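Numbering (UniProt numbering), first residue to last: 1 to 409.
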């Protein structure tokens with residue numbers, strides 16, 4: 001495993017993790033401003049936990065405006081509706097409360113309150129010209145890591161796939177991650193968000209390794225490095241051991257706490273190192289099949305690792321040790337066992353094994369491969385070269401279930 005002699009981390013000003021940490025939000029908010037605009041959804045807004053948070057904010061002297069129409073996979077229509085409300089409220093602080101889509105909604109709202117739209121002008125990397133309205137992120141799932149990352153993802157119907165806004169300016173000012181808030185997360189959502197977090201850990205650890213261009217603007221994703229790699233490994237181990245438990249028993253406090261820590265560590269790692277092929281292909285697959293992000297990523301992850309295996313044998317063997325999958329001392333054997341264990345985890349969580357299982361027709365594969373190739377920041381972060389022919393071979397394998405066809409001959 002080559003040690004690239006550089007390290008990069010970009011983090012919120014404070015990251016608070018632990019049971020009861022949500023009680024710190026009001027004090028943090030009051031240190032920033034007096035008018036807070038909350039982005040959440042219709043389920044979260046009706047919970048006693050949210051009512052308690054709102055009470056804390058109001059007792060701290062803040063004026064609270066709540067937008068609770070957030071929805072999964074964040075369509076642009078929701079962004080526009082939320083922004084109209086936010087402009088009327090004129091907040092000096094935006095708070096995201098809920099799953100990844102609510103946190104991403106808070107991010108793009110904070111962006112568009114400070115900088116002129118449309119949002120499409122900021123698609124891609126490093127296109128946000130300066131700081132956004134201060135952000136506090138309070139996740140209620142263990143998965144997306146959005147509370148500590150520079151990325152927000154939206155669904156743009158005009159582009160037939162999800163697109164990202166990637167800028168260090170989107171990293172929240174404060175991230176408050178209370179595992180007690182995740183206890184109400186249903187098993188299916190726990191599984192999908194949890195396997196997404198696992199993919200963040202694994203893909204960030206196996207991502208392209210390259211030196212930074214110190215003389216210019218650093219890319220949002222700079223590949224695995226000496227600061228992100230330990231976070232990736234820690235996250236992979238925590239999630240592999242505790243995600244099945246959290247799905248089986250939503251009230252398992254130890255599993256929920258470990259999943260929260262794992263998700264945050266994975267977010268801190270991939271927010272700098274980046275993800276790669278499984279995430280790149282999920283963008284068009286998710287848009288075409290209307291399936292949850294984590295489900296698609298979990299389906300695709302074993303195939304991505306199989307394609308990259310020979311380029312990342314030491315990393316995959318290290319992941320096998322970290323997750324408890326294998327530790328035989330035979331690097332190639334342990335690397336393959338690690339990939340096989342991801343297949344087994346996917347099956348345990350009830351995630352489909354092939355694109356065909358999602359309803360994708362074979363004649364759609366060319367289009368999906370072409371669209372995935374446009375997600376260049378992730379394709380280029382893959383540790384092996386991916387051209388159009390390789391991408392087409394990859395989606396064919398993921399459609400048919402023939403993972404071993406991706407083994408280099």
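Glycine included, each C-beta is placed from N, C-alpha and C at the ideal position.
Please read all numbers here as calculations on a predicted model, not as lab measurements.
| said: By the DSSP assignment, the beta strand (DSSP E) with residue 155 in it spans what residues? | reply: 151-156
| field | Residue nearest to residue 29 in terms of C-alpha spacing, selected from 356, 187, 14 and 218 | value | 14
Item to complete: Using the Cα positions of residue 18 and residue 396, report the straight-line distance between them to the nearest angstrom.
Response: 43 angstroms
**Message:** Could you check whether the segment 355-362 touches the segment 242-257, counting it as contact only if at least three pairs of C-beta atoms, one from each stretch, sit closer than 8 angstroms?
**Reply:** no
**Where residue 22 sits in the DSSP three-state scheme** = helix
### Query
Is it buried or exposed for residue 407, if we count other Cβ within 10 angstroms and need 16 for buried?
exposed
Check your understanding: How would you label residue 141, buried or exposed, when you count the other beta carbons within 10 angstroms and need 16 or more for buried?
Key -> buried
Q.
Quick check on residue 73: does DSSP put it in helix, strand or coil?
A. coil
query = For the alpha helix (DSSP H) that contains residue 270, what are its first and last residues?
reply = 253-273
Hey, out of 50, 42 and 305, whose CA is closest to residue 404's CA?
305
Item checked: For residue 105 and residue 62, believed in contact at Cβ under 8 angstroms, the rounded distance -> So it is not a contact: roughly 20 angstroms between Cβ atoms.
Let's test the definition: count the other Cβ atoms within 10 Å of the Cβ of residue 42 and tell me whether it reaches 16, buried, or not, exposed. exposed
Under 8 angstroms: do the segment 368-385 and the segment 269-286 share three or more Cβ pairs, one atom per stretch? yes
- Helix, strand or coil: how does DSSP classify residue 188 here? helix
* Could you have a look at residue 136 and say whether DSSP puts it in helix, strand or coil? => strand
Locate the alpha helix (DSSP H) running through residue 341, then write down its first and last residues.
331-348
- Query: Between residue 348 and residue 244, what straight-line distance do the alpha-carbon atoms span, to the nearest angstrom?
  - Reply: 7 angstroms
Helix, strand or coil: which one does DSSP assign to residue 2?
In this prediction, residue 2 scores a pLDDT of 49, lower than 50, which makes its location untrustworthy; no coordinate-derived value is stated.
Worksheet entry | Residue from 337, 342, 150 and 197 whose Cα sits closest to the Cα of residue 135 | 150
*Buried versus exposed call for residue 290 [16 or more other C-beta atoms within 10 Å across all chains shown]*: exposed
Worksheet item: What separation, rounded to the nearest whole angstrom, lies between the Cα atoms of residue 119 and residue 269?
Response: 26 angstroms
Range covered by the alpha helix (DSSP H) that runs through residue 35: Note, residue 35: premise wrong, no alpha helix (DSSP H); beta strand (DSSP E) at 35-41.
Any contact between the segment 296-314 and the segment 223-236? By contact I mean 3 or more CB pairs, one from each, below 8 angstroms.
no
For residue 49, the three-state DSSP class (helix, strand or coil): helix
Looking at C-beta atoms only, is the number of pairs between the segment 90-97 and the segment 32-51 that lie closer than 8 angstroms three or more?
yes
Should residue 209 be labelled buried (16 or more other beta-carbon atoms within 10 Å of its own) or exposed?
buried
- Beta-carbon proximity check, residue 172 vs residue 203, cutoff 8 angstroms: no
- Query: Does the distance from the C-beta atom of residue 272 to that of residue 228 stay below 8 angstroms?
  - Reply: yes
Element boundaries [beta strand (DSSP E), containing residue 411] = Absent from the structure is residue 411, since the part of the chain shown begins at 1 and ends at 409.
Next item on the list: Measure how close the beta-carbons of residue 72 and residue 284 come, nearest whole angstrom, since I'm counting them as under 8 angstroms.
Entry: At roughly 17 angstroms, the Cβ-Cβ gap does not stay under 8 angstroms, so residue 72 and residue 284 are not in contact.
Out of 352, 57, 100 and 9, which has the shortest C-alpha to C-alpha gap to residue 185? 100
Check your understanding: In or out: residue 5 buried (at least 16 other Cβ within 10 Å) or exposed?
Key -> exposed
**OP:** Report yes if the CB atom of residue 334 is closer than 8 angstroms to the CB atom of residue 322, and no otherwise.
**Re:** no
Checklist line | C-beta atoms of residue 111 and residue 170 nearer than 8 angstroms | finding: yes
What's the C-alpha gap between residue 54 and residue 197?
-> 28 angstroms
ask   = Roughly how many angstroms separate the alpha carbons of residue 351 and residue 299, rounded to a whole number?
value = 6 angstroms
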